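Counting in the working numbering, the sequence shown runs from 8 upward without gaps. Cβ coordinates follow ideal geometry from the N, Cα and C atoms, glycine included. Quick caveat: nothing in here was measured; it's all calculated off a predicted structure.
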Amino acid sequence: MSEKELVIVANSKIEGKGVFAQKDIPKGTKVIEYVGIKITKKEAERVENPRYIFNLNKRYDIDGNVPWNKAGFINHSCDPNCEPINISNSIWIIALRDIKNGEELRYNYGYDLVDYENWPCNCGSPQCIGYIVAEEHWHKIVKK
Numbered sequence: 008m009s010e011k012e013l014v015i016v017a018n019s020k021i022e023g024k025g026v027f028a029q030k031d032i033p034k035g036t037k038v039i040e041y042v043g044i045k046i047t048k049k050e051a052e053r054v055e056n057p058r059y060i061f062n063l064n065k066r067y068d069i070d071g072n073v074p075w076n077k078a079g080f081i082n083h084s085c086d087p088n089c090e091p092i093n094i095s096n097s098i099w100i101i102a103l104r105d106i107k108n109g110e111e112l113r114y115n116y117g118y119d120l121v122d123y124e125n126w127p128c129n130c131g132s133p134q135c136i137g138y139i140v141a142e143e144h145w146h147k148i149v150k151k
């Protein structure tokens with residue numbers, strides 16, 4: 008199955024646009040590749056909107072803020088159904104569990120605590136912490 012068959016970009020209840028399954032996706036499936044422009048770590052520090060930057064390796068990052076990156080529309084959630092994984096220096100979005108046809112794809116963006124108050128979460132899940140931060144930091148912040 009190609010990513011064109013698996014997902015579609017549409018309006019999201021979480022925020023703006025989102026990525027939705029067009030058919031049932033089994034757990035462990037490589038759903039879509041996160042693509043963009045390969046930039047150096049130094050260039051990544053100067054990027055205006057770091058939301059789309061993915062760590063690729065020790066030397067490079069991927070700036071996914073490009074029109075051809077459908078995966079850039081995947082929204083954050085405190086209750087993710089997929090996760091980004093680096094496979095041979097490519098970022099793939101992998102299904103953490105079975106995803107139903109029509110379900111929105113979402114993963115935890117994994118932000119650190121720097122200025123976390125500026126990144127409110129709108130995921131709507133019962134375990135929402137209120138901010139877009141990595142789960143490892145949840146115990147350090149107070150829910151909004």
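Buried or exposed by the 16-neighbour rule on C-beta atoms within 10 Å, applied to residue i
i: P133; result: exposed
i: H83; result: buried
i: E111; result: buried
i: I139; result: buried
i: I136; result: buried
i: F94; result: Here residue 94 turns out to be Ile, not Phe, going by the sequence shown. Exposed.
i: I44; result: exposed
i: K65; result: exposed
i: A78; result: buried
Reference residue i, options the options, closest by Cα
i: L13; options: V38, K24, E22; result: V38
i: W75; options: C85, Y59, N125; result: Y59
i: I46; options: D31, E55, Q29, Y67; result: Y67
i: V121; options: N96, R104, P57; result: P57
i: R104; options: Y123, N96, D31, E55; result: D31
Interface flag, residue i vs chain B, CB-CB below 7 Å
i: H146; result: The structure shown has no chain B; it contains just one protein chain.
Rounded distance between the beta-carbons of residue j and residue i, thought under 8 Å
i: I69; j: I98; result: 6 Å
i: D86; j: C128; result: Between C128 and D86 the Cβ distance is about 11 Å, and since that is not below 8 Å, they are no contact.
C-alpha gap between residue i and residue j, whole angstroms
i: T36; j: I100; result: 8 Å
i: V26; j: G109; result: 9 Å
i: N72; j: Y41; result: 10 Å
i: W126; j: N62; result: 19 Å
i: E50; j: D119; result: 20 Å
i: N159; j: I81; result: What the structure shows of the chain is the stretch from 8 to 151, and residue 159 is not part of that stretch, so it cannot be assessed.
i: E143; j: A102; result: 20 Å
i: A141; j: Q29; result: 28 Å
i: R53; j: I148; result: 28 Å
i: H146; j: K48; result: 29 Å
i: K34; j: E55; result: 34 Å
i: G23; j: I15; result: 14 Å
- Message: Can you confirm whether the stretch 83–92 touches the stretch 114–123 when touching is taken to mean that 3 or more C-beta pairs between the two stretches lie within less than 8 Å?
- Response: yes
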